[in-house]
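S.K.:
Take a look at the structure:
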């Protein structure tokens, strides 16, 4: 099936100036929250990144439970941890060489399936463009022999600085991210993992133009929020190279995601402020410090086990008897609304923070 060239895609970039201006203002607000939060947002950002991986997988019908994601530094689910790793490595690669390439796209895809021995992973032929014809709903992506040319053209289009010379760089970045996301889906270059790879490329386009202080910006939650319309809009591009309506729709997804992220960080700030005030009600300095360190760990990994708390915090208070340590741990559970995870004998969850990270449908 012959797909139009990326160079034939049409739209009036000036029509998006208002939407982009609104997005830029919201990005500034988002960056301000991240920079001025009264706690280190690095770990909250990492947990949100893990949930971006989960949401991205859910778009493709793959679900992962909260324990697999939030219980430790690296999620147990290889699909989630590989997504996080692929996004990080793509970001690092663009920092070293700010040019998109077919090799970069293949490397991202390969990372998604690292150390996975499932039939799906093997069939995905990691790091290699597909060699078979495929049909996606009513869309016939390009013939396998043409895939590399389409992806190379897409990368050349992303790297090109002349086509939109004179326009605001932020406007160009956001419009390019919208076009690239849809065109990649139309090419469908891999046997499996196209959605995840495409959403990572979207993220990397924004990273290249430094729209956010954080290295990662997430879009999958917004897609899930409006998934039916998302696929409807994509389907309209099967045979039409007019991307005018699609770009406006996609910019709306970015705006929704930004507003959702801001509400998430705002709620986390409020929660951590309340919790910090509770810690100060402990009069004994040594017990207060132990509680602080326990809470510091729990804030980073809101689904946890007692053994992880014990081996992380107890070495700092070797003279404290175990019964006293357990008593303080029980007090922390009661003070911060921490409870046992349903159907687990060993895991506890800091429910208020888990609810924020998992995300409400704002």
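In my numbering, the protein residues as written are 4 to 365. Every residue, glycine too, gets a C-beta built ideally from N, C-alpha and C.
Reducing DSSP to helix, strand and coil, say where residue 371 ends up.
M.R.: With the chain covering only 4 through 365, there is no way to say anything about residue 371.
S.K.: Which residues in the same chain as residue 133 place their Cβ atom closer than 8 Å to its Cβ, once the five residues preceding and following it in sequence are excluded?
M.R.: So the list reads 147, 150, 191, 192, 193, 194, once near-sequence residues are dropped.
S.K.: Determine, using beta-carbon pairs with one atom in the region 251-267 and one in the region 289-298, whether at least three such pairs fall under 8 Å.
M.R.: They do not touch, by the three-pair rule.
S.K.: Leaving out five residues before and five after residue 126 in sequence, what residues of the same chain have Cβ atoms less than 7 Å from its Cβ?
M.R.: Within the same chain, residue 126 has close Cβ partners 194, 195.
S.K.: Given a cut-off of 9 Å, decide if residue 347 and residue 253 are closer than it, judged by their beta-carbon atoms.
M.R.: Cβ atoms of residue 253 and residue 347: not closer than 9 Å.
S.K.: Go to residue 24, then tell me how far its alpha helix (DSSP H) extends in each direction, as first and last residue.
M.R.: Residue 24 -> alpha helix (DSSP H) spans 20-39.
S.K.: Just checking my contact of residue 3 with residue 117 at CB under 8 Å: how many whole Å lie between their CB atoms?
M.R.: A question about residue 3 goes unanswered here, because the residues of the chain that appear run from 4 up to 365.
S.K.: Measuring straight from C-alpha to C-alpha, what distance separates residue 270 and residue 163?
M.R.: Between residue 270 and residue 163, the C-alpha separation is close to 40 Å.
S.K.: Using a 10 Å radius around the Cβ and a threshold of 16 neighbouring Cβ atoms, would you call residue 12 buried or exposed?
M.R.: Under this definition residue 12 is a buried residue.
S.K.: Residue 331 to residue 284, Cα distance in whole Å?
M.R.: Taking the straight line joining both Cα atoms gives about 14 Å.
S.K.: Around the Cβ of residue 77, are there at least 16 other Cβ atoms within 10 angstroms (buried) or fewer (exposed)?
M.R.: Because residue 77 carries a pLDDT of 39, less than 50, the predicted location of this residue cannot be relied on, and no value is offered for it.
S.K.: Below 8 Å, can you find three or more Cβ-Cβ pairs linking the region 295-309 to the region 349-358?
M.R.: Yes, they touch.
S.K.: Indicate whether residue 103 and residue 157 have their beta-carbon atoms separated by less than 9 Å.
M.R.: Going by C-beta atoms, residue 103 is nearer than 9 Å to residue 157.
S.K.: For the pair the region 240-259 and the region 339-346, tell me if three or more CB-CB distances fall below 8 Å.
M.R.: As far as the Cβ criterion goes, the region 240-259 does not touch the region 339-346, which means the pair count is below three.
S.K.: With residue 206 and residue 90 assumed to form a contact (beta carbons below 8 Å), what rounded beta-carbon distance in angstroms separates them?
M.R.: Residue 206 to residue 90, Cβ: 6 Å. Contact.
S.K.: If contacts are defined as beta-carbon pairs under 8 Å, then residue 250 and residue 19 qualify, I think. What distance do you get, rounded to the angstrom?
M.R.: Correct: roughly 6 Å between the Cβ atoms.
S.K.: I'd like the list of long-range same chain contacts for residue 286, defined as Cβ closer than 7 Å, with 5 residues on each side in sequence excluded.
M.R.: If we look at residue 286 and ignore the five residues flanking it on each side, it has no Cβ neighbours.
S.K.: Indicate the three-state DSSP secondary structure (helix, strand or coil) for residue 343 in the structure shown.
M.R.: Three-state DSSP puts residue 343 in a strand.
S.K.: Anyone know if the C-beta pair for residue 204 and residue 231 falls short of 9 Å?
M.R.: No, they are not a contact pair.
S.K.: Among 197, 99, 309, which one has its Cα closest to the Cα of residue 109?
M.R.: For the residues 197, 99, 309, the minimum Cα distance to residue 109 belongs to 197.
S.K.: Give me the Cβ distance between residue 278 and residue 298, rounded to the nearest whole Å; I'm assuming they're in contact under 8 Å.
M.R.: Indeed they touch by this definition, with Cβ atoms about 6 Å apart.
S.K.: For residue 154, collect the residues of the same chain with a Cβ closer than 6 Å to its Cβ; drop the 5 residues on either side in sequence, then sort them by chain order.
M.R.: Excluding residues within five positions, the ones whose Cβ falls inside 6 Å are 105, 108, 192.
S.K.: How is residue 246 classed by DSSP in three states: helix, strand or coil?
M.R.: In this structure, residue 246 counts as coil in the three-state DSSP scheme.
S.K.: Express the C-alpha separation of residue 342 and residue 333 in angstroms, rounding to a whole number.
M.R.: Taking the straight line joining both Cα atoms gives about 10 Å.
S.K.: My understanding is that residue 112 touches residue 210, with C-beta atoms under 8 Å, so please give their C-beta distance in whole angstroms.
M.R.: Not really, about 18 Å apart at Cβ, beyond 8 Å.
S.K.: If you run the structure through DSSP and keep just helix, strand and coil, what is residue 200?
M.R.: In this structure, residue 200 counts as helix in the three-state DSSP scheme.
S.K.: Determine the direct distance from the alpha carbon of residue 167 to that of residue 238, and round the result to whole angstroms.
M.R.: Taking the straight line joining both Cα atoms gives about 26 Å.
S.K.: Using DSSP's beta-bridge definition, name the partner residues of residue 352.
M.R.: Answer is 306, 342, bridged to residue 352.
S.K.: Tell me whether residue 75 sits in a helix, a strand or coil according to DSSP, three-state version.
M.R.: Low confidence applies here, because residue 75 scores a pLDDT of 48, under 50, leaving its location unreliable and the question unanswered by this model.
S.K.: Quick one: residues in its chain with C-beta nearer than 8 Å to the C-beta of residue 359, no 5 flanking neighbours on either side, listed in chain order?
M.R.: Counting only Cβ-Cβ distances below 8 Å, and skipping sequence neighbours, we find 267, 270, 271, 274.
S.K.: Is DSSP giving residue 168 helix, strand or coil here?
M.R.: Of the three classes helix, strand and coil, the one that applies to residue 168 here is coil, per DSSP.
S.K.: Can you look up residue 13 in the DSSP assignment and give me helix, strand or coil?
M.R.: Correct three-state label for residue 13: strand.
S.K.: Could you check if residue 329 is buried or exposed, using at least 16 other CB atoms within 10 Å of its CB as the buried criterion?
M.R.: With fewer than 16 Cβ atoms within 10 Å of its Cβ, residue 329 is classed as exposed.
S.K.: When burial is assigned at 16 or more other CB atoms within 10 Å of the CB, is residue 22 buried or exposed?
M.R.: Residue 22 should be labelled buried.
S.K.: Helix, strand or coil, according to DSSP, for residue 142 in the structure here?
M.R.: The answer is strand: DSSP assigns residue 142 an E or B state.
S.K.: What does the alpha-carbon distance come out to for the pair residue 40 and residue 123?
M.R.: Those two C-alpha atoms are separated by around 41 Å.
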